[in-house]
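Participant: Number 28 in this note's numbering belongs to position 28 of the sequence shown; there are no gaps in the numbering. Glycine residues also receive a C-beta, built at the ideal position from the N, C-alpha and C atoms. Quick one: the structure is below, questions incoming.
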Amino acid sequence: MSTSEPILSALQQHFGHSRFRPGQQAVIEHLMAGRSAAAVFPTGGGKSLCDQLPAPLPV
């Protein structure tokens, strides 16, 4: 299973979205690898999802 499969599954299951907005997946994968990240997106660009989506996933 690739790193993106559980992330995409959580996106669909918990948030009802079928794809990420530009930049979101890269930020989430960075966080899931235990690294820090600063996401600078415009209002409505999906910053909150980057923070919330990793919560139900195993580290």
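Can you list, in chain order, the residues of its chain whose CB lies under 8 Å from that of alanine 55, leaving out five sequence neighbours each side?
Facilitator: For this step, residue 55 is matched to residue 55 along the sequence shown. Closer than 8 Å at Cβ, skipping near neighbours: no residue.
Participant: Could you tell me whether the Cβ atoms of glycine 23 and alanine 39 are closer together than 8 Å?
Facilitator: Along the sequence shown, one-based indexing puts residue 23 at 23. Along the sequence shown, one-based indexing puts residue 39 at 39. Cβ distance < 8 Å, so glycine 23 and alanine 39 count as in contact.
Participant: Quick one: residues in its chain with C-beta nearer than 6 Å to the C-beta of leucine 31, no 5 flanking neighbours on either side, listed in chain order?
Facilitator: Against the sequence shown, residue 31 aligns to sequence position 31. Counting only Cβ-Cβ distances below 6 Å, and skipping sequence neighbours, we find Ala37 and Pro54.
Participant: What is the DSSP secondary structure of leucine 53, reduced to helix, strand or coil?
Facilitator: Your numbering for residue 53 matches position 53 in the sequence shown. Here leucine 53 sits in coil by DSSP.
Participant: Starting from valine 27, trace the alpha helix (DSSP H) both ways and give me its first and last residue.
Facilitator: Working through the sequence shown from its first residue, we reach residue 27 at position 27. Counting along the chain, the alpha helix (DSSP H) containing valine 27 begins and ends at 24-32.
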